[in-house]
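Numbering (the numbering used here), first residue to last: 2 to 266.
C-beta atoms are modelled at their ideal positions from N, C-alpha and C, and glycine is treated no differently.
Predicted model only: the values in this text are computed from it and were never measured.
In what follows, a structure is listed as structure tokens, so that the remarks can point back to it.
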């Protein structure tokens with residue numbers, strides 16, 4: 002086993018983008034703490050075996066990121082097993098319902114915010130506390146979205162929660178810079194994952210049929226991606242790899258688009 006570059010904890014790592022990030026950071030030389038819901042044990046064990054085959058130390062710390070005590074226990078569980086925490090990737094998230102503002106539900110709004118916004122807040126908070134205590138700096142990286150930079154028709158709760166992550170990232174960057182901790186987020190567009198497929202399946206099978214204006218708007222946005230291709234989880238893992246590296250030490254408070262040029266600013 003080569004010398005470790007540090008310890009990285011990735012939430013929502015059982016599949017999709019989180020899984021790719023975990024594998025990429027392990028390939029980069031980080032020891033890895035894997036998190037997802039307790040029901041994802043089989044997927045996490047399989048991923049842990051792959052990371053061990055790369056010669057890296059790994060542990061599994063299941064938790065619901067929307068629950069305060071579970072997030073604290075997640076970090077408290079990973080630190081003694083791996084020797085600290087140097088990179089927190091707050092990746093776990095949900096899309097929630099696809100509905101117009103007037104037909105949306107309070108229950109879906111609350112659930113989306115509890116996972117996306119509250120979950121990121123808790124991960125940022127407890128990771129920062131651990132990194133400050135260690136006194137060796139660190140990287141905190143969150144999952145925003147193209148929906149955190151532009152409104153998405155029919156996705157009011159998801160869009161609002163991803164804008165919240167951008168704000169949280171900027172405030173955390175301002176407060177934590179003096180400790181040598183950088184805080185950034187990534188903003189994907191449509192990425193080919195099981196979660197995005199589930200959304201498309203729900204739209205295709207919805208009864209009654211979804212608002213035609215929604216379909217027209219989504220087609221106009223995602224049908225005109227300048228690079229003319231669908232993003233892959235590995236595309237997100239690449240930017241996280243850079244943000245976690247020593248070379249990114251002078252980048253903080255940013256929300257970096259990884260969207261094929263869908264949003265330009």
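Q: Would you mind sorting residue 195 into buried or exposed? The rule is 16 or more other CB atoms within 10 Å of its CB.
A: Residue burial is scored here from C-beta neighbours: residue 195 has fewer than 16 other C-beta atoms within 10 angstroms and is therefore classed as exposed.
I'd like to confirm the pairing. Which residues does DSSP put opposite residue 227 in its beta bridges? Looking at the DSSP output, residue 227 sits in no beta bridge, so it has no partner there.
Problem - Under 8 angstroms between C-beta atoms of residue 88 and residue 52 - result: Cβ atoms of residue 88 and residue 52: not closer than 8 angstroms.
Uninterrupted alpha helix (DSSP H) stretches inside the region 16–88 (no shorter than 4 residues) = Taking 4 residues as the minimum length, the alpha helix (DSSP H) runs contained wholly in the region 16–88 are 17–29, 42–54, 69–83, in order along the chain.
Check your understanding: Under 8 angstroms, do residue 184 and residue 124 count as touching if we go by C-beta distance?
Key -> No.
Quiz prompt | DSSP state of residue 90 mapped onto helix, strand, coil | solution = DSSP places residue 90 in strand when its eight states are reduced to three.
Buried or exposed for residue 289, going by 16 or more other Cβ atoms inside 10 Å?
Outside the displayed range of the chain (2 to 266) lies residue 289, so it cannot be described from this structure.
Residue burial classification, residue 69 (beta-carbon count within 10 angstroms, cutoff 16): Exposed: under 16 other Cβ atoms inside 10 Å.
Original post:
Between which two residues does the beta strand (DSSP E) containing residue 11 stretch?
Top reply: Run containing residue 11: 7–11, per the beta strand (DSSP E) assignment.
_Just list the residues that DSSP pairs residue 187 with in beta bridges._
Residue 187 pairs with 144, 257.
- Task: Identify the continuous alpha helix (DSSP H) that holds residue 234 and give its terminal residues.
- Result: First-last of the alpha helix (DSSP H) with residue 234: 234–244.
### Message
Quick check: is any heavy atom of the ligand ZN less than 7 angstroms from the C-beta of residue 56?
### Response
This structure does not include the ligand ZN; it has no bound ligands of any sort.
Original post:
Are three or more beta carbon pairs between the region 246–257 and the region 176–190 nearer than 8 angstroms?
Top reply: They touch, by the three-pair rule.
*Quick one: what's residue 182 bridged to in DSSP?*
Its beta-bridge partners are 139.
Helix, strand or coil for residue 174, going by three-state DSSP, please let me know. Note: residue 174 maps to helix in three-state DSSP.
*Per DSSP, which one or two residues make a beta bridge with residue 100?*
DSSP lists 156 as partners of residue 100.
| Skipping 5 residues on each side, what residues in its chain have a beta carbon closer than 8 angstroms to that of residue 29? | 6, 242, 245, 246.
Below 8 angstroms on the Cβ atoms is my guess for residue 116 versus residue 93; work out the distance and round it to an integer in Å. So it is a contact: roughly 7 angstroms between Cβ atoms.
Check your understanding: Using a Cβ-Cβ cut-off of 6 angstroms (strictly less than) and excluding sequence neighbours within five positions of residue 62, which residues of its own chain qualify?
Key -> Only 34, 36, 75, 78, 79 meet the Cβ criterion.
Please name the residue, chosen from 181, 228, 231, 214, that lies closest to residue 249 on a Cα-to-Cα basis.
-> In this structure, 181 is the residue among 181, 228, 231, 214 with its C-alpha nearest to the C-alpha of residue 249.
TODO: Please determine if the region 216–228 and the region 11–20 are in contact, where contact requires at least 3 C-beta pairs separated by less than 8 angstroms.
DONE: No, they do not touch.
Can you tell me the Cβ-Cβ gap for residue 128 and residue 86, rounded? I've got them flagged as a contact below 8 angstroms.
In this structure residue 128 touches residue 86 by the C-beta definition: roughly 6 angstroms separates them, less than 8 angstroms.
- Query: residue 192 by DSSP, collapsed to three states: which one?
  - Reply: If DSSP states are grouped into helix, strand and coil, residue 192 belongs with the strands.
Self-check item: N-terminal and C-terminal residue of the alpha helix (DSSP H) that residue 112 is part of
Solution: Counting along the chain, the alpha helix (DSSP H) containing residue 112 begins and ends at 107–114.
Q. With distances taken from CA atoms, which of 23, 55, 179, 57 is nearest residue 44?
A. Considering only alpha carbons, the answer is 23.
Open item on the list: Nearest by alpha-carbon distance to residue 56: which of 25, 65, 206 is it?
Closed with: Comparing Cα-Cα distances from residue 56 to each of 25, 65, 206, the minimum goes to 25.
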